[in-house]
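A.B. asks:
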Amino acid sequence: MRALCLSLVLLLAAAPAWANARVTVLMDVLQIDDVVDILRAEGFAHAEVLNEDILDGRGGAFWESQIRQIYTAEQISERIRKALSEGLSSEEIDIVIDFYNTQEMSRIITLENAARRAMADPEVEQAARDAYETAVDQELAQLKLVNEFIAVNSLIDRNLSGTMSAYIQFYTGLSDGRFMVQSEADILEEVWSQQDAILDDTSGWLKGFLFMAYQPLSIEVLEAHVAFSSSSVGQALNAALFDGFESVNLDISYALGRAVALNAEGDEI
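Residue numbers (our numbering): 647 to 915.
#1: Please list the segments of the alpha helix (DSSP H) lying wholly inside the stretch 667-746, counting only runs of 4 or more residues, in order along the chain.
#2: When you compare only the Cα positions, how much space is there between Ala667 and Glu779?
#3: Entirely within the stretch 865-900 and at least 3 residues each: give me those beta strand (DSSP E) ranges in chain order.
#4: Here's the rule: buried if 16 or more other CB atoms are within 10 angstroms of the residue's CB, otherwise exposed. What is Ser711?
#5: So, helix, strand or coil for Asn799, using DSSP?
#6: Please work out which residues of its chain come closer than 7 Å, Cβ to Cβ, to Ala764, disregarding the five sequence neighbours upstream and downstream, and give them in chain order.
#7: Can you tell me whether DSSP reads Gln861 as helix, strand or coil?
#8: Straight-line CA distance for Leu896 to Gln715?
#9: How is Ala766 classed by DSSP in three states: helix, strand or coil?
#10: Output the residue ranges of the alpha helix (DSSP H) runs that lie fully inside the stretch 768-844 and measure 4 residues or longer, sorted by chain position.
#11: Please look up how many angstroms separate the CB atoms of Leu834 and Met826, rounded, as I've assumed it's under 8 Å.
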């Protein structure tokens, strides 16, 4: 009996480590490190715009140090890891790994990341948007699947909500830092007044991005991708990823607002 109890203790002690290892495999299969690198590159570019537009280019070394701290790769990755481990059961994790750990399905993620990197160039982004609109006119078969993928995962609504929430957090950070003091009601009113413009931009970017990313895929592979996304496991994965990245985005947006306020205050001093 003692030997049995000892075995149970060892088994229970090992279970969390095994589960953590499977999440690590999942993150590797989903190429999360690559996604985090892209997010950080976009963040650094956005920080340069904030520095020029709001701080008149006077951010300097202190501003750059703050931005590096805000966009720490390890912190972002751990937030995504937490969302995946909490949002997916061990069985669901195994199913996702099995599905995307193939050459064809892994290529989907690689193409998404490549397209997102490319769209950092405004000319490429506009070309992607135009290509989508041309595909609408030509009624291409791929277009139907791209639109189905967007609808199945509620991508426009989720991205719209996430973007507006990020704006609210940014303005709140500015206000808490006393750069531009606004009430919560004022902030909400200002962001909601931009809803239509945010929706148009979000929708156009998303459609162009996915159409660009998925163009090299065969119809059969794209159909399999959409079908998996429609499944209960695919929906759980999508929700977990959104929860993780939205949590990161909200924290970053607030921190950026506070950083802008702090640096603007330093300039005044």
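Don't be surprised by glycine CBs; every beta carbon is placed ideally from N, CA and C.
Note that this is a predicted model, so its numbers are computed, not measured.
C.D. replies: Put simply:
#1: Within the stretch 667-746, complete alpha helix (DSSP H) segments of at least 4 residues are found at 678-699, 706-716, 719-733 and 736-746, given in chain order.
#2: CA-to-CA, the gap between Ala667 and Glu779 works out to about 43 Å.
#3: If we require 3 residues or more, the stretch 865-900 turns out to have no beta strand (DSSP E) run fully inside it.
#4: Exposed: under 16 other Cβ atoms inside 10 Å.
#5: Assignment of Asn799 by DSSP, reduced to helix, strand and coil, places it in the coil class.
#6: Annotation for Ala764: Val770 place their beta carbon closer than 7 Å to its own, counting only its chain and skipping 5 residues before and after.
#7: Coil.
#8: Linking Leu896 to Gln715 through their CA atoms gives a straight-line distance of about 15 Å.
#9: The answer is coil: DSSP assigns Ala766 none of H, G, I, E or B.
#10: Whole alpha helix (DSSP H) segments, 4+ residues: 768-784, 787-798, 801-822 and 830-838.
#11: Contact doesn't hold; Cβ gap of about 15 Å is too wide.
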